[in-house]
Each structure stands twice: as structure tokens, then as C-alpha cells.
């Protein structure tokens, strides 16, 4: 009996988020023609059990499924139980033979035996009193010889009795698969919006009178939080805030000749002022950091910190623990390389010599930041560290700090990315940045939804390291389209500050921005750009509002792709029924979007109405413009790169008409 959600045969726990519908199922069969049943028995973190009846979803192919929405966070378990179902077997025989006047007395006698068995369970307290009353009534009717056979079996075959036998079936020959683990994380592990910025740029200014650039601080960065919150973001993500080394410090655009005042890369962590547990003195003090976190919480934001497990040559660990680094034959410590890129200002860590000591240092450093209010960590290049290390560390934090979320920044081989999800990372960066056509996006979403029980994707159109040719060549249209797709295809997305200003000039020969903020201060005039109409901040705000108001967009697996006559138009929908939204009504979103930044579309869509939960004609409202349309299975749409790059439509259900 195959069962799901199970990851690698149970080697790793499956995972989901609080309030996320999860499909439980099995491929189960039996010999012969008697009926069978399948249940998932779920055990919550407090030890309470819930029986979830599974339904045959593909008769003849032995697939049994049902959905369940865990409401409590923590470590759950489940097992799948398949069994022979004597009531269902009898009910089928009665439905066939009684109308045909075949073996009527024998069929009724068999029904009495079956229901007496269930009544005995009720008498023993194994069933609720409501079951007992219904079973007594059905038995009395079965025994009433003054009635015609059809009338005698009517109550025993009625929907009321069938319902209780589905919920609490009679079971023979029970076969069990499991138990299997299921970890339920808090909601933000599945659905949220991140905003990344360099604190030193927020409030930075150039003053010749004061000697050049004056860094922004955590206090000035806190002033920017109100704008981030007003756009509807959930997470304020800070690039590293630690002291930066002087040795081999990089200059602007990653040059090896820094000029006076160049701040260096914040990823070259560590200096005389301290290492990963310290704050760059230009940014302020720990008191300033606590004030930053406090202000974020006042605005409904959580703080994510960038964790880069690497050191500058000036990091205290280099002198205190040389065994934590790779020493070359010439006696030098190996710096980081990703040929042809060289990072002479960064020493990678090595776990080969003193694993326990390095593990303890990193764990204690993370504990330090958790104590100061950090609830999310974006981990830089986790694929360059031992998998064993992450599995042990994430398990420890899941036990001690289940509220803390780890995002894997691993643009690497698929197998490693999937493995990082399996061993405990809550979220992962993805290849979305390089997937553009409808075919590529649909194929990729298929891969991601198949891995949904252990890997949650986070879609970023750009990052501080990545600016693809699509983005650098497409201008405002490209930035608009990719924001719409990132915000609606998956439940977690993020942007790097400056995205709203269409910062799209690449550094020659590289897929990254010119004048990269990693190597210089970059203050921005957000208010001025907004006033002059040069910002897409209103779009980002609207996207986050739509996401927050529509539970369907907070799911990953409930996605269906539809077709358009124009091959560059992507059409997909997300649907949750009323029982799963938590709002009392179903939620259905349809997105029809351009994918090319330089071509409009006039096309007919072809919708699978069953995936939308509708039949025939229905009304939709465009959540970007407020327009309403009456659609059927084949609506005609006009999309424009400059005026209407996409429809984001909610289906208006009949009760709202």
C-alpha cells in the first residue's frame, strides 16, 4: 500500500503550514469483490487522533484520497489503514438484489447481522449516542416482517446511516502503513511577501564637507519600515549588518582597488569590531537593532536576517580558530571562488577539522539573534555547507524555536535544492528568475507542486546579485509582468529594494546591476519617483493586498493551468472551496498574463470550468482595475504591455450575484 504525503519512504518528515489543506492518500486494493475502505488516522501534537475517511478518486485504479487542514502547529503523525468494509459490501448486495427480488430474506438477515455488530460497538461506548439511535431504528425496520423488503432496508441504506458508516466504518482485516511524520509550520512558512534592503543605504548621504559618504544607520533604516509596511510586505529582510573586513576589501563594481570611503561588501563579514554576532559600528548598536525590530513589530512586520557563513580575513574566528578554514599547501587560507568569479575578501568555512566546535559557534550566533527578535533567516549559499550540518541544526531549532523560519538561497543543482528542503529548510529560492515562457512556467510549477510536501518555493524576479537579460531589456513592462507572476503563481515572493524604481542597468558581462549595492551606498528617492509616476510601488501594494485578501493565492498545490490561443499568454487558476478558505465562501482566482515584455495579445482563452468550481456562464471582477466581465469557457481577452499586462480575476460566486 503506497501512501502520501510521505518523503523518501519516511526518511524525512512531510511538512505543511498551519491552515494549509493537505492531500492524504494511498494506492490500496484487496482481493475479491467485497468492498473495502481506507482511512488516514492523524495524531496531533497533543496526541489526539482524527480519523479521515479517504474516498476512491479513480475507481479501477485503486487511488484513495481526502484533504485535511491542520490547524495546530507542531509535529503530527499519520498512518493509513485499509480494511474490508462489511457494511459497504452488504449495502451493495442489497441495492442489487432487493429490487430484483433475489434472496430477500437472506439479504435482510445479513443486514441485521452487520447492523447488530455496529450497535454492539455503540453499546460498548465506541460510538456516539446518535449512532445508537439511528442503528436501533434501522434494525427495527429490518425486522418488521409486515413491511415489503424494499421498505425494510430503506433506513439501513439511507444517507443518514451511510454517513455514520463512512465516518465510523465497520472494519475487518485492517492493514496499516505508517506511522509517518508531518511537521506543521506557522503560516508565514508558506505564504508571505519579503522586502530586501541594505540598511546602510537607508538614510545614507554624500557630504564633501564631512569627508564623503555618511552611512545610513539602523535608526534611519527604521524610518523606511513604514513605507515597506504600507506596501503590504510581511518581512523586512536585512542584508548582513556585521562589521566588514579591511583586507582585500572590494571597491565599486567588485573591483580590487577600493577608493577611500568605499564601504566594502557586507558579505565580507568580520573585523576588529567583531564577527557574526556584532553590528557594524556605522549602523549603530544592539540597542539600535532592538529598536529596529520593535518598530517593525509595531508595523506588523517581521525581521529576517541574512546569514552568510563565511568570514573576511579580519574575522576574529580566523585568528582564534584557524582550524575552521582550508589552508593551502603554501600556508595561505583559501578564499571563495565561483569561477570566473573570485571573492578574495571572503574565507569559506570548513567543517572537516572541528565540526562540533564550529556547529556550536554557529548555533550560538543564531540563538543570539533570535533572542533579539529575529524570526527569519535567509541563508546565503547553504549548498556549500554539509547537509548533515543543516539537518542537525534545523532539527534543533525546530525543537527549540519552532517559530523561526529558514530560507535557502541555493541557486544550484536540483537534487541539492530538493535535499535542502527535505532536511528542514522551510523555503527555497528557485529558478523562477530564468523561467519565462508559459511552457517553462507550467513545467516548473509542476515540479514545484510535486515537491510541495517538503520544499516551499519563494519567487524573486531579481535579487541584489541577479538581473537577467529579460529584466534589463524589458524596462517597466518586464518589471510589472514578473511582479504579477511572482506574486500570484506561488504563495511566497519577494523583491529587492529598488525594484519599484525599475533599476535595470546591467554591469557589462554580468547578470547583475551596474553599481551593485553590495559594494557602495545607494540611497533612493522613493517619494520623488512615486510623485513623478516613475515607480511601480502602487502595483506592488495592490498585489500584496490581493494576496492577503484571497486565500486561494496563499496556496501552492491548488493551481490549474488553462490554455490560450496565443502561445505567449499564461493562464492559470487557483481554487479553494468554502470549507478550506476559513471565510465561509469559496475563493477562485484566474490569472491571464502576458509573458513577453514586448508584445501585446488579442486571444481567446479555453478554461476548464470544473477547476474553477463553476458551470456555464459566470461573472468575474478584475482585482487590478475593478472591471467586471461575464465569462464562459472560452472568453476573449485583450492584453497590453503598457495598459493591461494581465488580468487578476476573482470569480464572483452565485451567492454574490
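In full-length UniProt numbering, the protein residues as written are 1 to 657.
Every residue gets a Cβ at the ideal spot worked out from N, C-alpha and C, and that includes glycine.
Source: prediction; values computed, not measured.
Inter-residue distance for residue 439 and residue 485 is about 14 Å (C-alpha atoms, whole angstroms).
Here residue 604 is exposed. Its C-beta has fewer than 16 other C-beta atoms within 10 Å. In this structure the segment 529-536 does not touch the segment 444-456; the number of beta carbon pairs closer than 8 Å is below three. Ranked by Cα distance from residue 397, the first of 619, 364, 329 and 429 is 364.
Between the C-alpha atoms of residue 535 and residue 639 there is a straight-line separation of about 21 Å.
As for any beta strand (DSSP E) of minimum length 3 sitting wholly inside the segment 162-245, the runs are 172-185, 192-197, 205-207, 212-214 and 235-238, ordered along the chain.
The Cβ atoms of residue 217 and residue 283 lie closer than 7 Å to each other. Shortest Cα-Cα distance from residue 459 to any of 386, 556 and 368 involves 556. Between the alpha carbons of residue 631 and residue 642 lies a distance of about 24 Å.
Of the residues 329, 214, 80 and 316, the one whose Cα lies closest to the Cα of residue 5 is 80. Under the DSSP definition of a beta bridge, residue 574 partners with 559 and 589. Note on geometry: alpha-carbon atoms of residue 204 and residue 266 lie some 15 Å from one another.
Here residue 497 is not near residue 232, since their CB atoms are 7 Å or more apart.
Beta bridge pairing from DSSP links residue 4 with 25. Here residue 429 is not near residue 442, since their CB atoms are 7 Å or more apart. Taking the Cα of residue 313 as reference, the smallest distance to any Cα among 425, 272, 106 and 580 is reached at 272. Per DSSP, the unbroken alpha helix (DSSP H) holding residue 368 starts and ends at 355-371. Here DSSP, grouped into helix, strand and coil, assigns residue 598 to coil.
By the 16-neighbour rule on beta-carbons within 10 angstroms, residue 473 is exposed. The closest CA to that of residue 511, considering only 537, 483 and 471, is found on 471. Shown here, residue 84 sits in a strand according to DSSP, grouped into three states. When rounded, the separation of the alpha-carbon atoms in residue 323 and residue 407 is 28 Å.
A direct Cα-to-Cα measurement between residue 590 and residue 629 gives close to 13 Å. The Cβ neighbour count for residue 602, taken over all protein chains shown within 10 Å, is under 16; the residue is labelled exposed.
Looking at the backbone, the Cα of residue 636 and that of residue 650 are separated by about 17 Å.
When the Cα atoms are used, residue 644 and residue 548 turn out to be separated by approximately 22 Å. Here DSSP, grouped into helix, strand and coil, assigns residue 374 to coil.
Out of 544, 563 and 286, the CA that lies nearest to the CA of residue 194 is found in 544. Residue 429 has 458 as its beta-bridge partners, per DSSP. Taking every protein chain shown into account, the CB of residue 437 has fewer than 16 other CB atoms within 10 angstroms, so this residue is exposed. Contact between the segment 183-193 and the segment 138-149 is absent: fewer than 3 CB-CB pairs across the two stretches fall below 8 Å. Secondary-structure assignment with DSSP links residue 74 through a beta bridge to 184. Straight through space, the alpha carbons of residue 468 and residue 525 are spaced by roughly 24 Å.
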